[in-house]
Structures are given as structure tokens and as C-alpha cells.
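Trainee: Just so we're aligned, residue 20 is where the sequence shown starts under the working numbering, counting upward by one. Ideal Cβ placement from N, Cα and C applies to all residues, glycine included.
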Amino acid sequence: MDIRQLHYFVEVVKHKNFTKAAQSLHVSQPSISKMIKALEEELEVVLLDRTERKMDLTDAGEMVYSYATKVLQLMEGMSSSIAELRNVERGRVKLGMMPTVGSFLLPNVIALFKKQYPGIDIEMKEFSAKLLEIQMEQGSIDVALTVLPADQEKFVAVPLLAEDLVAIVHREHWLAGVDEVSLEQLKDEAFILFTEEYAMHDVVRQACKLSGFEPKVAYMSSLWDFVGEMVATQLGISLIPRSIVRRLNNGQLHTVNISYPVIDWQYALIYRKEGYLSHATKAFISFVEKMYSHNQME
20 MDIRQLHYFV
30 EVVKHKNFTK
40 AAQSLHVSQP
50 SISKMIKALE
60 EELEVVLLDR
70 TERKMDLTDA
80 GEMVYSYATK
90 VLQLMEGMSS
100 SIAELRNVER
110 GRVKLGMMPT
120 VGSFLLPNVI
130 ALFKKQYPGI
140 DIEMKEFSAK
150 LLEIQMEQGS
160 IDVALTVLPA
170 DQEKFVAVPL
180 LAEDLVAIVH
190 REHWLAGVDE
200 VSLEQLKDEA
210 FILFTEEYAM
220 HDVVRQACKL
230 SGFEPKVAYM
240 SSLWDFVGEM
250 VATQLGISLI
260 PRSIVRRLNN
270 GQLHTVNISY
280 PVIDWQYALI
290 YRKEGYLSHA
300 TKAFISFVEK
310 MYSHNQME
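#1: Which of the three DSSP states is assigned to Ile101 in this structure?
#2: Hey, would you say Ala148 sits closer than 8 Å to Met155, going by beta carbons?
#3: Starting from His273, trace the alpha helix (DSSP H) in both directions and tell me its first and last residue.
#4: Work out the CA separation of Leu194 and Lys309 for me, nearest whole Å.
#5: Quick one: complete alpha helix (DSSP H) runs, 4+ long, within the region 167-247?
#6: Can you tell me the Cα-Cα spacing of His45 and Ser85, whole angstroms?
#7: Can you grab the Cα-Cα spacing for the pair Val65 / Thr77, in whole Å?
#8: Thinking C-alpha only, which one of Ser312, Tyr311 and Ala302 is nearest Ile141?
#9: Using the Cβ count rule (16 or more neighbours within 10 Å means buried), how would you classify Tyr279?
#10: Report the residue from Leu202, Ala176, Lys56 and Phe174 whose alpha carbon sits nearest the alpha carbon of Asp183.
#11: Between the region 280-294 and the region 159-173, can you find at least three pairs of beta-carbon atoms closer than 8 Å?
#12: Alpha carbon to alpha carbon, how far is Gln157 from Ser297? Give it in angstroms, no decimals.
#13: Between Glu215, Phe28, Glu63 and Ser159, which lies nearest to Met54 when the distance is taken from Cα to Cα?
#14: Enumerated in chain order, which unbroken segments of the alpha helix (DSSP H) with a length of 4 residues or greater are wholly contained in the region 58-117?
#15: Taking DSSP as the reference, what is the three-state secondary structure of Ile289?
#16: Is there contact between the region 79-97 and the region 133-140, where contact requires at least three CB pairs shorter than 8 Å?
#17: Straight-line CA distance for Ser230 to Val281?
#18: Within 8 Å of any Cβ in chain C, is that where the Cβ of Pro126 sits?
#19: Return the CA-CA distance between Leu25 and Thr300, expressed in angstroms with no decimal places.
#20: What span of residues does the beta strand (DSSP E) with Glu259 cover, start to end?
#21: Does the contact criterion of 3 or more C-beta pairs under 8 Å hold for the region 227-242 versus the region 262-275?
#22: Can the beta-carbon of Ala131 be found closer than 8 Å to that of Tyr311?
#23: Which of the three DSSP states is assigned to Lys144 in this structure?
#24: If you count every other CB in all the chains shown that lies within 10 Å of the CB of Ala218, and 16 or more means buried, which is it?
#25: Who does Ala299 pair with in a DSSP beta bridge?
#26: Counting only the same chain and skipping the five closest in sequence on each side, list residues whose C-beta sits under 8 Å from that of Gly121.
#27: State the Cα-Cα distance for the pair Thr119 and Pro260, rounded to the nearest angstrom.
#28: Using the rule of at least 16 other Cβ atoms within 10 Å of the residue's Cβ for burial, across every protein chain shown, is Lys292 buried or exposed?
#29: Roughly how many whole angstroms lie between the Cα atoms of Gly115 and Tyr295?
#30: Using the Cα positions of Ser257 and Leu150, report the straight-line distance between them to the nearest angstrom.
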């Protein structure tokens with residue numbers, strides 16, 4: 020079976036017309052008719068039910084069309100992979116990231132990466148950490164900048180850097196006079212948490228549980244800035260990454276270190292264990308890993 024037979028057959032089905040298919044393929048109509056006739060003879064079935072006014076697929080035609088489109092997609096994928104092997108400087112990276120994290124961890128990386136690989140395009144999408152894993156499983160993104168832990172059975176994680184969570188309180192709060200507390204000392208406080216679709220929500224709840232209490236949740240938000248503003252108006256306290264505090268720029272806030280337990284917040288690149296990684300994506304992962312390992316980030 021000639022791959023062109025499948026290609027011509029698929030084009031005829033798409034256009035529902037031999038003449039239009041021939042024009043699309045830049046071949047003569049008799050050539051297409053001959054190819055499809057040869058395909059029907061080889062398979063010993065009729066693929067197209069043709070009348071003067073219309074053309075429909077037979078049952079066999081439906082089946083062959085389904086398989087043919089898959090075969091052609093696989094062939095296209097193979098050709099793309101071979102092209103990438105020949106030239107890693109061309110390609111596309113579908114990168115997923117957590118909104119705030121990406122904004123302060125990625126700009127320098129991407130700028131330097133583009134200098135080295137100007138032919139590789141980076142397509143960025145923002146999701147919460149939990150949604151990033153779902154998007155990764157669905158193949159919508161190739162690699163994600165997220166926080167650990169990630170599902171070890173499904174993903175490979177490349178740790179980048181880590182920091183701890185700190186408490187933020189209003190500057191007139193009783194905690195504003197101290198620099199360090201245990202999490203247990205906060206058990207009677209009103210907490211402002213991230214919404215449940217964010218990993219931060221689970222991390223804080225789990226840390227509180229390990230400290231022997233359930234947090235009293237006053238409000239929840241999906242925005243760092245809004246969480247900071249609610250703390251600044253004395254609606255409660257919150258636990259957030261130390262690096263985020265520096266970006267809130269609110270004179271009403273005071274930072275308190277958590278002495279026990281230390282709540283780690285580790286950033287990493289993750290990708291599917293079983294998924295295909297293009298050479299462009301592999302180059303990006305390797306580049307980012309080297310950037311962090313050599314402490315070239317701000």
C-alpha cells in the first residue's frame with residue numbers, strides 16, 4: 020500500500036470532490052482516481068459511494084478514513100521528529116506555569132534562552148499547580164514550572180530552588196512585635212487562604228494539621244495581591260512564600276518567620292514520564308536546569 024493512496028483518499032473525503040482534491044494536491048484528477056481505485060482493489064472493498072450530485076463514504080470507507088488520518092498524523096509526527104534531530108535550533112516549547120511564580124522566575128531565563136535558541140518559540144500558558152498537572156496529562160503543555168510535590172508516578176521533576184513560607188500580619192497585629200513563631204501559636208488566628216484549586220491551599224492546611232489544629236478560614240482568594248490587601252485591612256493573617264512578600268510592596272504588612280514546622284515551598288520543572296519530549300523542549304529543560312545550578316538567576 021502506497022502512503023500516497025491514503026493521502027489522496029483523505030483529501031477527497033475532506034473536499035467531497037475529486038476536482039477540488041486534485042487542485043489541493045496539485046495533481047491531475049485522473050491520478051487521484053487511479054490511486055483510489057488501486058486502494059479499493061487492494062482492500063477488496065468499495066470506499067466511496069458516488070452519484071452525479073454527491074459522494075458518501077461506505078461503511079468500509081468510514082473505517083479506512085479513520086485509520087488513514089491516524090496513519091498520516093503519525094507520519095507527520097515522524098517527519099517532525101526527524102527534522103528536529105537534524106536541527107535542534109528550530110521548534111516550539113509549550114510551557115505551563117503558575118501565574119505569579121512565572122512572572123519572577125522566567126523572564127531572565129526566557130530572554131537568555133532566546134539568545135541561544137532564536138529559532139525556538141515558547142508558547143506560555145498560566146494555570147494553578149493542580150491544573151498544570153491536568154493540562155500536562157492531556158498533552159496541552161510539554162513542560163511546567165510548578166511547585167512540589169508532583170505525582171511521582173506520572174511526572175519527572177527537575178528541582179530548581181526552594182524557599183519557606185512566612186506569616187504576614189498587619190503591622191498593628193500582636194505578632195508585629197515578634198520575628199518568629201511556631202505554627203501552633205497561630206491556631207486561634209483567622210486565616211486568609213488561597214482557593215482550593217491552588218497547591219498553596221493544601222500545603223497550609225496540611226501544615227496546620229501536623230501542628231494539631233484546623234485553620235479558621237476567614238477568606239479565600241486566588242490572587243496574591245488581594246490576599247496581601249486583606250491582611251493589610253486586618254481581615255486575617257496569611258502564609259505565603261517569602262519571595263512573594265517582597266513583591267507586595269505594602270507598608271501595612273509585617274513578616275513573621277515560622278520556626279516550626281518549617282514549611283518548604285519548592286519550585287521545579289515537571290514533564291510526563293511517558294510523554295514525547297521534542298528536542299526543543301529537552302533543550303529548554305536542560306538550559307533552565309543549568310541556569311539554576313550555576314546560580315545565574317537573580
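Mentor: Let me lay it out:
#1: The three-state reading of DSSP puts Ile101 in helix, counting H, G and I together.
#2: Against a cut-off of 8 Å, the Cβ pair of Met155 and Ala148 comes out as no contact.
#3: Run containing His273: none in the alpha helix (DSSP H); it sits in the beta strand (DSSP E), Leu272 to Tyr279.
#4: For Lys309 and Leu194, the distance between alpha carbons rounds to 40 Å.
#5: If one requires a minimum length of 4 residues, the alpha helix (DSSP H) runs lying completely within the region 167-247 are 218-229, in chain order.
#6: If you take the alpha carbons of His45 and Ser85, they lie about 24 Å apart.
#7: The C-alpha of Val65 lies about 7 Å from the C-alpha of Thr77.
#8: Taking each of Ser312, Tyr311 and Ala302 in turn and checking the Cα distance to Ile141, the smallest one comes out for Ala302.
#9: Flag for Tyr279 reads exposed.
#10: Nearest option by C-alpha distance: Leu202.
#11: Contact between the region 159-173 and the region 280-294 is present, because at least three Cβ pairs lie under 8 Å.
#12: Distance between the alpha carbons of Ser297 and Gln157: 16 Å.
#13: For Met54, the closest C-alpha among the options Glu215, Phe28, Glu63 and Ser159 is that of Phe28.
#14: Positions of the alpha helix (DSSP H) runs, each at least 4 residues long and wholly inside the region 58-117, are given as 78-105 in order along the chain.
#15: In this structure, Ile289 counts as strand in the three-state DSSP scheme.
#16: Because the criterion of three Cβ pairs below 8 Å is not met, the region 79-97 and the region 133-140 do not touch.
#17: Rounded to the nearest whole angstrom, the C-alpha separation of Ser230 and Val281 is 11 Å.
#18: No chain C appears in the structure shown, which is made up of a single protein chain.
#19: Each residue's alpha carbon lies about 31 Å from the other.
#20: Note on residue identity: the sequence assigns Ile, not Glu, to residue 259. Here the beta strand (DSSP E) through Ile259 covers Ser257 to Pro260.
#21: When Cβ pairs closer than 8 Å are counted between the two stretches, the region 227-242 is seen not to touch the region 262-275, the count staying below three.
#22: Here residue 131 turns out to be Leu, not Ala, going by the sequence shown. In this structure, Tyr311 does not lie closer than 8 Å to Leu131 by Cβ.
#23: Correct three-state label for Lys144: strand.
#24: Label assigned to Ala218: buried.
#25: The partner list for Ala299 (beta bridge, DSSP) is empty, contrary to what the question assumes.
#26: Excluding positions up to five away in sequence, the list reads Met143, Glu145 and Leu164.
#27: Roughly 11 Å between the two C-alpha positions.
#28: The C-beta of Lys292 has fewer than 16 other C-beta atoms within 10 Å across all chains shown, which makes the residue exposed.
#29: If you draw a straight line from the Cα of Gly115 to the Cα of Tyr295, it comes to about 16 Å.
#30: Ser257 and Leu150: Cα-Cα distance of roughly 23 Å.
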